[in-house]
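Take a look at the structure set out below.
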Amino acid sequence: MAVNNPAHEFHDKLIQPTLELDRQTNWASRLMLAPAVVLLLVWMIVPLAMTIYFSLLHYQLLDSDRTYFVGLDNYQFFVTSLGFLTAIANTVILVASVLVLTIAGGLGFALLLNQPIWGRGFVRILAIAPFFVMPTVSALIFKNMFMNPISGIFAHLAILIGIEPIDFLGLYPLQSIILIVSWQWLPFALLILLTALQSLDQEQMEAATMDGAGALTRFYYIVLPHLWRPLVVVLLTETIYLLSVFAEILVTTNGGPGHGSTNLTYLIYARSLLQFDVGGGSAGGIIAVILANIVAFFLMRMVGKNLE
Amino acid sequence: MKIVMVYFKKGLVTVAAWGLGLLIFVPILWTVLTSFKTEEEAVAPNLHILNFSWTLENYIEVQARSDYFHHFWNSVVISFGSTAIGLVIAVMAAWAMAFFPRRNTKDILSWMLSTKMMPAVGALIPIFLIFRDLNLLDSKMGLIIIMVLINLPIMVWMLYSYFKEIPLAILEASRMDGAGLWSEVTLILAPMALPGLFSTGLLNLILVWNEAFWTLNLTAADAAPLSAFIASYSSPEELFYAKLSAASTLAIAPILIIGWFSQKQLVRGLTFGAVK
Amino acid sequence: MTTIELVQVSKKFGTLEVIPPLDLKIETGEFVVFVGPSGSGKTTLLRIIAGLETASSGQILLGGKDVIKLPSAKREMAMVFQSYALYPHLTVGQNIGFPLKMAGVARAEREARVIKIAETLNLSPYLDRRPSALSGGQRQRVAIGRAIIREPRAFLFDEPLSNLDAALRATMRLEIMELHHKFNATMIFVTHDQVEAMTMADRIVILNQGRIEQTGSPMELFTHPVNQFVAGFLGLPRMNFIGGEFAKSYGVKTIGIRPESIALSSGPAAIDHPKFSVEVGVIERLGADSFAHISDSSLGKMTMRLEGDSPIRYGDRIMIELNPEQFYRFNAEGLTIGSPIIRPITSVHEGVVTTINNKKRKRL
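Following this line, the structure appears as structure tokens:
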């Protein structure tokens, strides 16, 4: 009975999601949207414009009388400075390692918790807890009570089994920070993937089992496609936050030793607010924005396809 | 025989899951336990697990020495303040976009999300200088403004996804029943949107409570919320594990409890409505 | 209650004209059913009348006054939605009383009227419940209660029965017809279900691609369809259409014949009645009637009515004869040429039609 006329499908689509606008509502809706748009527009443009402007100046906070235009010198200086390449490498290593650890670990744990077990709710509560711990606190706990080479638990355990305690933050600063950050974000991946798994259509799984699909086949053809969307969201969200890891570094290593655990965010912070070099810090900030936008461009394209 | 195998497997998986869950939870558990120890017990190498002299001394000490509750209060003011303001702005925007979509609505939504892509550090210097000139450094008001701005996209998205679930037919029904715009919004829409508002608020509370980049960079002794204040424990002068633990426990407890109760809504908010 | 008149009402989405300008007048107390396939514009037309959608041009006269600029809230019509659209956070009583609250009726009077309405709709025990605690049929009744409490100028129904199961749908049909007579209400009822259209309407408006194909009483449309679309749309099972050489021999493009007009041939046929030997396919047995799917190389696939206990089986070969007096004839444009001579349809047939439809629904 249905007439499959494309024009009418279009028509159906059009009449579904809209309420008719009379003039009053039309105005009201524009007015309501305005504050959010204006605020975010200002938030996006003003700091960025100022940062670009500062990045072209010789501008020292403690000596702001001698401020003058230097063109792209700050960029050249920032890019060729000692810590830059290390910071870029550290940033990439940090983001990539944490993504791999949390997504693989979170997926594995989620699959485990999706099995029939006793006390799933409780285990879930335990496992997602780290996500609610503020970064400064988790960094402090790990730095002092776990990784301290004299009185930390890891040191105690090492002595217990008869090996030399390791100075984690001194010798392996980046790896230690990766561990801390992963501890915070694994619960996030777990929470979202587990929720997604639990919404998986059981009839579909049963149908596949009836069709003779083994556990691996089912995982590959049914579970994984179902998880694709949440996985992308996890990837996107984590990347946004991981590019800006800051408190964990500030609290544990201050970026050291040397530039051993300095990421781009920390490098810019140090240049701006420790060395009071507004021009150099701003140039770094712009570089960070450009890099983030390159990453964002690819991520948004993935997400754009996946959200609605 | 088969039943036994099923139980055996379930038992095995249960043990593995509990083991992993506990392993992840250990740092928090250990912190809470340590907060009740004396400083000597806290660093002792023989790992007292439960057999120590339970004491509340650390909690008292933390407050006495550093005016802990001043910072706790800052956290409360900043997170609730920014949540309240953010909700008002986000509700208006989400309402407009969910119920009166225009050709550019989808673009506005993704643009809003894209402002989250901007690394905070790119705005650090201008914000620092603006705040310095406006006397907003180390002020709760300044932080509230920043918190509203950084979380506004998430709030709008989350509310948008909740509003989208309210059937338009119900709003149309209210119009047919003679409701004007005001009655429609206050009597029909608002009550139906309440659960979504509540979850969005909770998520925002959690995010703001734990935010540490801006709080560390824009506050000092006066307006520092817990996430910034706690960092002052990073360079100790004496034995301090137990006191650190007490301070940490107090800082994470409220949000841990809120978080546990709002897992479902959190997932939804953190995935911009993509996972429910 | 009032008259509703559409004058040159049209609807465009961008450059796409989904409803070309049309005129329609609905009298006070008339029960009009808009029926048509999905995408025919019937719901859009209803929503334009309701004010939920703006017309691109034209006037809508309620009792002679143009209301095209009035928002829905001020048109004083009541609507029952397909999804019921009950307020989930309000009780049944509050739902039913909502239009009165909006009209500023005092609380005491409101409550009294809600109680009265609830009694007529058998909802009294549920007044304090939330809609989510009700069954589909009860929710439907709440939606109707909400519509009738304000004594609106007209009732609009947007496929209100399509979410109900077959048995309930039949009951609700009767209840709505009952209401119509009780209030002498002007009602517009939108449906894609031709059984609802046939059984309930004083007048049917058949829509197709935004145009009115034909309006008239159910039996007028059934017996005198103006074109092939209307002929095929009303009647269950559908009218059989035969084209090709057979139709050409009668000087037309297409011949239509209803399943109940095909007769089993026993003995010699009337001189001008063509006879065919056809193969029997699947037979749908409904009790009082059976419908056989038959096929023949020159006629193609057709459906015919048999007795309920007919001994004919799948795979049989049978002789049928067609009575040209009962042919509908259509030209190349699909328009009806002349009128067939129709046997009077007994009421039994309508009953049959209902059951078939319900059975089909269930299977879907």
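Residue numbers (the working numbering), protein chains in the order written: chain A, 22 to 329; chain B, 26 to 301; chain C, -11 to 352.
Using N, Cα and C, we set each Cβ at its ideal position, and we do this for glycine too.
Under 7 Å by beta carbon: chain C residues contacting residue i
i      : result
B:A205 : Ala is not the amino acid found at residue 205 of chain B; the sequence shown has Gly there. By Cβ distance, chain C contributes A61.
B:S208 : M90
B:P216 : H77
Under 7 Å between C-beta atoms of residue i and residue j
i      : j      : result
A:Y96  : A:T88  : no
B:A2   : B:L184 : As shown, chain B starts at 26 and ends at 301. That puts residue 2 of chain B outside it, with no answer to give.
A:T286 : A:S265 : yes
B:A253 : A:V144 : no
C:E15  : C:R141 : no
C:E22  : C:K30  : The question names Glu, but residue 22 of chain C in the sequence shown is Phe. Yes, these two residues count as a Cβ contact at 7 Å.
B:I53  : A:A150 : yes
B:G203 : C:P87  : yes
A:N284 : A:A108 : yes
C:L287 : C:I230 : yes
A:G363 : A:L211 : What the structure shows of chain A is the stretch from 22 to 329, and residue 363 of chain A is not part of that stretch, so it cannot be assessed.
B:I280 : B:W239 : no
B:I114 : A:A55  : no
B:I103 : B:L168 : yes
B:P144 : A:A309 : yes
A:M168 : A:L195 : no
C:L144 : C:L34  : yes
B:A248 : B:N99  : yes
Alpha-carbon to alpha-carbon, residue j and residue i
i       : j       : result
C:I306  : C:I282  : 9 Å
C:T242  : A:A234  : 52 Å
C:I271  : C:L222  : 21 Å
C:I176  : C:I37   : 10 Å
B:Y32   : B:V38   : 10 Å
A:R250  : B:A299  : 7 Å
A:A317  : B:L134  : 15 Å
B:T282  : A:L147  : Strictly speaking, residue 282 of chain B in this sequence is Ile, with Thr absent from that position. The straight-line gap from Cα to Cα measures roughly 12 Å.
A:H247  : B:P220  : 27 Å
A:N47   : C:S45   : 20 Å
B:V57   : A:L132  : 29 Å
A:A110  : A:S197  : 16 Å
B:T80   : A:I182  : 31 Å
A:E329  : A:L215  : Interpretation of A:E329 is limited by its pLDDT of 48, a score under 50 that renders its predicted location unreliable; the figure taken from the coordinates is listed afterwards. The straight-line gap from Cα to Cα measures roughly 21 Å.
C:P312  : C:S26   : 33 Å
A:V154  : B:I277  : 6 Å
A:V100  : A:Q225  : 54 Å
A:T123  : A:I213  : 12 Å
A:A28   : C:Q(-4) : The pLDDT assigned to A:A28 is 38, lower than 50, so where the model puts this residue is not dependable; a value taken from the coordinates is nonetheless given after this. Taking the straight line from one Cα to the other gives about 22 Å.
C:R331  : C:E248  : For C:R331, the predicted structure reports a pLDDT of 46, less than 50, and the residue's modelled location is therefore unreliable. The matter cannot be settled from this model.
C:K(-1) : C:G322  : 26 Å
A:E259  : A:A117  : 10 Å
Cross-chain neighbours of residue i in chain B, by beta carbon under 7 Å
i      : result
A:Q136 : V38
C:S71  : P192, A194
C:A66  : M201
A:P246 : Within 7 Å Cβ-Cβ: nothing; A:P246 doesn't reach chain B, min ~14 Å.
C:P87  : D202, G203
Which listed residue (the options) has its alpha carbon closest to that of residue i
i      : options                        : result
B:Y266 : B:L47, B:E64, B:L58            : B:E64
C:S254 : C:P225, C:P113, C:I308, C:G17  : C:I308
C:D260 : C:N319, C:G269, C:Y238         : C:Y238
B:I191 : C:M90, C:S71, C:I164           : C:S71
B:Y84  : B:D158, B:K62, B:S139, B:K289  : B:K62
B:L241 : A:L69, A:Y290, A:I73           : A:Y290
B:T274 : A:T157, A:S172, A:V255         : A:T157
A:L103 : A:L312, A:G279, A:R322, A:N314 : A:G279
A:A217 : A:V253, A:V59, A:D232, A:P186  : A:V253
Chain-ordered neighbours of residue i on chain C, where CB pairs are closer than 8 Å
i     : result
B:E64 : Residues of chain C passing the Cβ test: none, with the nearest at roughly 55 Å.
Interface partners of residue i on chain A, CB under 7 Å
i      : result
B:K296 : Looking at the sequence provided, one finds Thr at residue 296 of chain B rather than Lys. Correct list: I213, P251, V254.
Interface residues of chain B facing residue i [CB-CB closer than 9 Å]
i     : result
C:A38 : E197, R200, M201
Pick out the complete alpha helix (DSSP H) segments inside the region 187 to 225 of chain B, 4 residues or longer, and give them in chain order.
-> 193 to 201
Can you list the alpha helix (DSSP H) stretches of 4 or more residues lying completely in the region 132 to 173 of chain C, in chain order?
-> 154 to 171
Jot down the residue ranges of each uninterrupted alpha helix (DSSP H) in the region 257 to 316 of chain A, minimum 4 residues, whole runs only, in chain order.
-> 268 to 273, 285 to 290
Where in the region 52 to 102 of chain C do unbroken runs of the beta strand (DSSP E), each at least 3 residues long, occur, reported from the N-terminal end onward?
-> 65 to 68
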